[in-house]
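Chains as they are written, first to last, in the numbering used here: chain A, 1 to 315; chain B, 316 to 738; chain C, 739 to 987; chain D, 988 to 1417.
Reviewing the structure listed below.
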Amino acid sequence: MEFFLISMLNSLSYGLLLFMLSSGLTIIFSMMGVLNFAHASFYMIGAYFAYQISVWLGFWPALVIAPLLVAAVGMAVERYGLRTVHKYGHVAELLFTFGLAYLIEEAVHLVWGRSSVPYVVPPSLDGAAFTLYSTDYPIYRVFMMAVSVSMLIGIYLTLTRSRIGLVIQAALTHPQSVETLGHNVPRVFMLVFGGGSALAGLAGVIGGNAFITEPGMAAAVGPIVFVVVVVGGMGSLVGAFLASLLLGVLQTFSVALDYSFADLFAKFGYTVDPDTPLAVLWNLTISQTGPVLPYLLMVLMLIFRPKGIMGSREG
Amino acid sequence: MSKLRYRPINLGRWLVWGITALVMIVLPLIFTSGFTLTIMSQIGVGIIFALSYNMLLGQGGMLSFGHAVYSGLGAYFTVHALNLISKGTFYFPVTLAPIIGGVAGAFFGVIFGYVTTKKSGTTFAMISLGIGEMVFACSLMFSDFFGGEAGIATNRVMGSNVLGITYGPAIQVYYLIIGWALVCMAAMYAWTQTPLGRMANAVRDNPERAEFVGYDTHMVRFLTLVLSGFFAGIAGGLSSINYEIVTAENLGALASGSVLIATFVGGAGYFFGPIIGIIVFFVMVTAVGGITQAWLFYLGLLFLIMVLYAPGGFASLILMHVPVIKARLMRRLWLPYAAAAITGVVLLAGLVSVVEMTYHYSAEADTNPGMALFGLAFNVTSYTPWAVAAGLLVGGFIVSRFAWKAVGKAWGEIILGLQERRA
Amino acid sequence: MSTAIELKAVTKNFGNTEIIRGVDLAIPRGERHAVIGPNGAGKSTLFNLISGRYPLSGGDILLNGESVSGLKPFEINRRGLSRSFQITNIFQRMSVFENVRCAVLWSLGYKYSFWHRLGGLKDANLRAEEVMESIGLKARRDTSAGVLSYAEQRALEIGITIAGGAEVILLDEPTAGMSRTETADAVELIRKVSQGKTLIMVEHDMGVVFDLADKISVLVYGEVIASDKPQNIRGNKAVQEAYLGTEAH
Amino acid sequence: MFHFKRTAEAMVLVSALFAGSAYAETLKIAYIDPLSGAFAGVGDAGLKQFQFVADDINKRNLTGGPKLEVIGFDNKVSPKESLNVLKKVIDQGIRVITQGNGSSVAGVLIDAVNKHNERNPDKSILFLNYAAVDPDFTNSKCSFWHFRFDANSDMKMEAMTDFMAKDKSIKSVYLINQDYSFGQAVTRAAKEYLARKRPDIKIVGDDLHPIGKVKDFAPYVAKIKASNADVVISGNWGADASLLIKAAKDAGLSTPFYTYYFGGLGSMTAMGDAGVGKVKQITEFHSNIKPNKTEKFANAFNAKYGGPPNHLTFYYLRVNNEMYMLARAIKETKSIDPKKIALKLEGMKFESDTGEVEMRATDHQLIQPLYISTVAEAYRDPKNPKTAKFKGTDPDVKYDVEDSGLGFKTDARIEGYVTAQPTSCQMKRP
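What follows is the structure, encoded as structure tokens:
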């Protein structure tokens, strides 16, 4: 029971962090059709900015300033990069962000060096929030969940209730008519891209110290974020939310399952010994494959439900 | 009529292929050092790999972030086959061993391709990335087949010795590679001239219309990917003969990313583009990489600039001059080009200085503040060199803009002139 | 005369909106049939349903007596139905010749071949030349399709549609946006290429419709309110009220 | 004869003029490790240490003439690129190479050096390995041209389990490792050695997780917790190590971790205080061993490279061992010929800073004492203002590493002979 509850909480907090990462990507994709390969790089620079600011000013200012700085970087990227390649189509945009991811990683090397930086959880959030049976549950994870959920609500309200949200939604479907109404559509796109980047930056601010802030962190989460977007359904925010939670549960609980095909065969009276053909495969436990499961899930999803959990469009 | 019209082009085509083959054969006689031979062998393998990649990107419009899966698995199968051959389990000539890699590459193309090619565009790109990650992660888990971290080694020198060819000396391997490279280049070129090749273009340009003329776009993409996997597998097989070892990096995201960058920089829209790209790429990696540790930064920057300003790659930059040369209008371009080159050098010098000084500063400012650049020695902790570098960068940028405007203007006039002549 | 295409109680909804509300239509082989109706009546949607671009919400479509509902566009195409598009839909980056040749490859059985050399496919090349001749674009053979004039692109659109030799041809507003002389040329072209075939066309230009069609169906708000010979349609009260009366030409 | 004498006199004169350079000879050593990309930090730290030792050797003329020069070559941690670099190195006429990061690279280099030396016996290359720990390199893949100055992973496990066997409170062990050759080797060795020494210890968990793919180790920690293990053994390194220990700290897991690399280059900063009192590591050296004969040397190194921006701390005693033993071989053979040096290194006994070490002749594995130590807060010395930001109270933890405020405290010293493993090596000597 203890294990189950703790794992449930762990999967929830991991899932929410994944959602924070993928929500920005999903918003940008659904609104601009741009698949931002460098999205995880914005997550990384969010963490690095937060580290630098927390050295100078402390964690709480960093929580606000770092995402704003990332938003500024994102807007600059949109204005001076994406807008130029937009005319060559979505694949060109994807290529541009792919190159950008390379460049950001090298720039991080340039400024902060090649190993990790000591970006740590602030003392006020360090420690146990509560103890379940005998396991501590850290305050910081509770904080992470709180930030994710308030962000989710914030996005929802912005998109559905605010004027800018309505303009954004209209700009997507009918850019010309919105333009004739006097709105500056390129600027709307720039804001959307900046906002999406800021969300990734925010995830970096609170994920960077929960985990580790190093130049490889972008490459480590990038592919998973794409899996979330594919499984959730390209461009669906609700889908991304469900997919994030699903991946959280999948990755957390698969760790606990030490079953392999060999165990299954044993139930039917076969024993797998080292000479059995493909013995390695049969002896592989589910927990061993845990981190590969997202990709497997993605492939299965593509076979059985290509549009994803909540997807409306197919590719 | 139509036949007559094609004849001169065919002649040119033979000439191009002949010269390419001749250059490849003669090169090692000029550059004899072991290192250059290694690089040239790698370029040979890289050409096959990049051309196979371009079957997807250029011909089929599929942007893949996981193409190394096919070459890597091809390499693993070849290396296992070579080990079995040398054990005497079965007989197969080493010269033809890359075929084994090709078959393996095609086989995995069938397995993974069926799912991934349902879509094109960004969806395909993401899925290819996911498949690449999955295969790479698996490669470290199944160390029986993949050899774990150490990889699988082999020895290409085997008992049989046909006409003195043992593949011991690197030069023999080089000729094996260029032999295969020429055959594969010809085969991939021929593919572009087949119904499937043409329909791959059609599906790239307008998948919907292709469906309404009877073609299943999924099937066209799928078959294209399988064939592309076949050639990638051959490249993998050759690399396993060349290095005599295969490790997991052959399957990794870096290998996939590299071939994408090389292909795009060379020019995905042209058959020969990736060949230029691979050569540029190796120059960056070996020449620039030998001078500075910031080579990845420069490579990334080059790639971004190409995406932004020359999406057709070097090939398009070269080809756009052909009609100008034919029309004898090049003289109008020399002056603006010279201006652009001179200002470009200033800009580049500024950029390189800033980047190199930043690298040096962040790495060892306090222990070793002295550094040398362009033959000048200075101290990175003093202000003057930074001011000079920044001045070069900003000044270079400003004057370059003028030069580029002049280039743009000259081109505008030339295009107008060409249109008038046509009319 | 057997039926080429038959629609049985076809419906289509987009969300809660019913666009097509139970269309029944049977078109015999060899007929030139025009579908007319006011804007938003669902004409293009009907074409998209027949050609497999959209899935049906209800009902069935028979091509030569066999159901084609649920089939993909290319499967329907292979059963002998070909269509054109209202908004020009050609292979922009290819030459005119390549555009047409792409359209003939499947019907000549070359399928996904990567062992034939295109240059050596005499029948395909010959057929492509014939089609170019018939659509009057022979002189533009090696021009890139993207730089053709609008009328030429429309002609090429028709060329691609008929190149595969389909028995049933759907043309979606083939003369839209053309000048008077261009329209006249297009009518002649359509008449020529649809010789001996079943033709269904959506068209706004009544001159063209009454000139070409053997029979006309009138679609209003997703329903066929009349389907008859042109002269009878002209006199049909319901049609005049619903259509000609409000949107007289 | 007379002629020879004159020459010799002239040489003495010259050497008086240019103190320390009796011969104009320089032995170049190619350092083949990552100098760009993600692992450049580790590679760069190693290079700096090699060059620092080389300077020391040249200053003290330990070779009896030839200068040592260490030249860095970037292999981008890629086995393939390493082969290209080797070609370049050979082209430049360099005959001694050294490498450490990644057993994949080391394996490729051993193979390539063997093939090269077989095909070009007069231009043979010598490979000095300072950190690649795959046991195969001194067993099935052993080579005359390869010398290993680090204890291999089995030897470290031998030492670790030896220490654990004495602790009767340990009843159960949890294994968590990266799923690749090294991690799998650690798992196998741990099970085998514990079964031999303490059959009563139960293995209550055995996790292999993909390398570098796990973002959140909380689920693994929950599992460790649920198993009630007394200790955890892990061969994880890099982010997989830091993330694991951070997650353990978050969950309030107090189980000790016996590790290989949790205190490795750059890891302490990432781990932070999560490891204090909990993480044990096995190394040939750390800054707080007693007696510490390396102290002066290490301080000199730290004075040069410590602090921003490098934050380096002297780490590899084995690099010193490697270079000093090389220098002695040169001095004793009066030659810089790789083959002669190799023959001299075989069986060489050397008095290192931690006691006598021996390059075992049968498999070219250095047998050396090892230390088990625990992460601790560095000592705050009221008399030394430099230690103001430290928090520790134990004067034994005198130095921190990489400006993290954390250092190591020795738990035990394991003598070299204890760690020695039987070898299956059948060396082919030229």
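From the three backbone atoms N, C-alpha and C, an ideal C-beta is built for every residue, glycine too.
query                                                                                                                                 : result
Assigned secondary structure, Arg-1347 (chain D) (DSSP; H/G/I helix, E/B strand, else coil)                                           : strand
In DSSP terms, what Lys-1318 (chain D) is bridged to                                                                                  : Partner(s): none; Lys-1318 (chain D) has no beta bridge.
Proximal residues, the segment 274-302 of chain A versus chain D, C-beta separation under 7 Å                                         : Ser-287, Gln-288, Gly-290, Pro-291, Val-292
Neighbour list for Pro-223 (chain A) in chain B, Cβ cutoff strictly below 7 Å                                                         : Leu-444, Gly-445, Glu-448
Simplified DSSP state of Phe-346 (chain B), which is helix, strand or coil                                                            : coil
Exposure label - Ser-317 (chain B); buried when at least 16 CB within 10 Å                                                            : With a pLDDT of 36 at Ser-317 (chain B), under the threshold of 50, the modelled position of this residue cannot be trusted, and the question is left open.
One or two residues paired with Ser-260 (chain A) in a DSSP bridge                                                                    : A:Thr-285
Residues sharing a beta bridge with Glu-756 (chain C), DSSP                                                                           : C:Asn-751
Cβ neighbours of Val-1251 (chain D) in the same chain (closer than 7 Å, five flanking residues each side left out)                    : The amino acid at residue 1251 (chain D) is misidentified as Val; the sequence shows Gly. Taken in chain order, the residues that qualify are Trp-1224.
Selected residue, minimal CA-CA separation from Arg-1082 (chain D), among D:Pro-1066, D:Pro-1108, D:Val-1092, D:Glu-1068              : D:Pro-1108
Rounded straight-line distance, which links the Cα of Phe-407 (chain B) to that of Gly-1007 (chain D)                                 : For Gly-1007 (chain D), the pLDDT reaches just 37, beneath the cut-off of 50, and the residue's location in the model is therefore unreliable, leaving the point undetermined.
For Tyr-1010 (chain D), the three-state DSSP class (helix, strand or coil)                                                            : Note on Tyr-1010 (chain D): pLDDT 46, under 50, position unreliable in the model; no value is reported.
Contact set for Leu-352 (chain B): own chain, Cβ-Cβ below 8 Å, skip 5 residues either direction                                       : Pro-343, Phe-346, Ala-485, Ile-486, Tyr-489
Euclidean distance between Cα positions of Phe-423 (chain B) and Gly-417 (chain B)                                                    : 10 Å
Closest Cα partner of Thr-431 (chain B) within the set B:Leu-371, B:Gly-483, B:Leu-397                                                : B:Leu-371
Cut-off 8 Å between Cβ atoms - residues of its own chain near His-395 (chain B), not counting five sequence neighbours on either side : Phe-460, Ile-467
Contacts of Ser-677 (chain B) in chain A (Cβ-Cβ under 9 Å)                                                                            : His-109, Leu-110, Val-111, Trp-112, Gly-113
Chain A contact for Ala-1176 (chain D) (CB, 7 Å cutoff)                                                                               : no
Buried versus exposed call for Tyr-624 (chain B) [16 or more other C-beta atoms within 10 Å across all chains shown]                  : exposed
Interface flag, Thr-84 (chain A) vs chain B, CB-CB below 7 Å                                                                          : yes
Min CB distance Leu-497 (chain B) to chain A below 7 Å                                                                                : no
Own chain partners of Lys-1189 (chain D) with C-beta closer than 6 Å, once the 5 adjacent residues on each side are dropped           : Ser-1159
CB contact below 7 Å: Phe-835 (chain C) versus chain B                                                                                : no
Meets three-Cβ-pair contact criterion under 8 Å: the segment 107-115 of chain A and the segment 221-235 of chain A                    : no
Residues that His-183 (chain A) contacts on chain B, provided the C-beta gap is smaller than 7 Å                                      : Neighbours of His-183 (chain A) on chain B: none; closest Cβ ~26 Å, over 7 Å.
C-alpha gap between Phe-612 (chain B) and Tyr-1161 (chain D), whole angstroms                                                         : 43 Å
Beta-carbon neighbours of Ser-1229 (chain D), restricted to chain F and to distances below 8 Å                                        : The chain inventory of the structure shown lacks chain F, comprising the protein chains A, B, C and D.
Limits of the beta strand (DSSP E) - the one that Tyr-1248 (chain D) falls within                                                     : First-last for Tyr-1248 (chain D): undefined, no H or E at that position.
Within-7 Å CB hit, Arg-1416 (chain D) to chain B                                                                                      : no
Alpha-carbon to alpha-carbon, Ser-1274 (chain D) and Thr-1374 (chain D)                                                               : 15 Å
C-alpha gap between Phe-717 (chain B) and Ala-704 (chain B), whole angstroms                                                          : 20 Å
Complete runs of the alpha helix (DSSP H) confined to the segment 757-829 of chain C [at least 4 residues]                            : 781-788, 811-816
contact_flag[the segment 1316-1328 of chain D, the segment 1096-1115 of chain D] where n(CB pairs < 8 Å) is 3 or more                 : yes
Status (buried if at least 16 other CB within 10 Å, exposed otherwise) for Gln-734 (chain B)                                          : exposed
Closest residue to Leu-35 (chain A) among A:His-90, A:Met-44, A:Ser-7 (Cα-Cα distance)                                                : A:His-90
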